[in-house]
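The numbers in numbering that gives the first Met the number 0 rise by one with no breaks, and the one at position 73 of the sequence shown is 72.
For reference, the structure discussed in these notes is given below.
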Amino acid sequence: MPQDATAYFQQLSGKLQQLGRMQEQLLKDNEKLRQEAAALREAAKASQEEIAGLKEQVAILQTATGHLDEASRKDFEKRINQYLRDIDKVIAHLNTA
0 MPQDATAYFQ QLSGKLQQLG RMQEQLLKDN EKLRQEAAAL REAAKASQEE
50 IAGLKEQVAI LQTATGHLDE ASRKDFEKRI NQYLRDIDKV IAHLNTA
């Protein structure tokens, strides 16, 4: 009977060690995936910023060449006016500081 118990506990101990190794591997994999996800989020953010910049350049080029429809022209004027308002706010803030 004691040999059966010893064998059982050795088998159980082996399984626990195997589970411990599996958990360590899963934790490493999880950390690696978290890092990859963070890198992908950064890349997506950079891509979106680049797209926004390119869209702005397209609008500027269309305006410069005169190939802008009425809706695009109004949208462009709104953005320019918003930029001017932001610049005026910064100048006013600098004058009060």
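Glycine included, C-beta positions come from ideal geometry on N, C-alpha and C.
What would DSSP say about residue i, mapped onto helix, strand or coil?
i: G52; result: helix
i: G19; result: helix
i: G65; result: coil
Would you call the CB atoms of residue i and residue j closer than 8 angstroms?
i: F75; j: T95; result: no
i: S71; j: A58; result: yes
Could you spell out the range, first to last residue, of the alpha helix (DSSP H) harbouring residue i?
i: H92; result: E69 to T95
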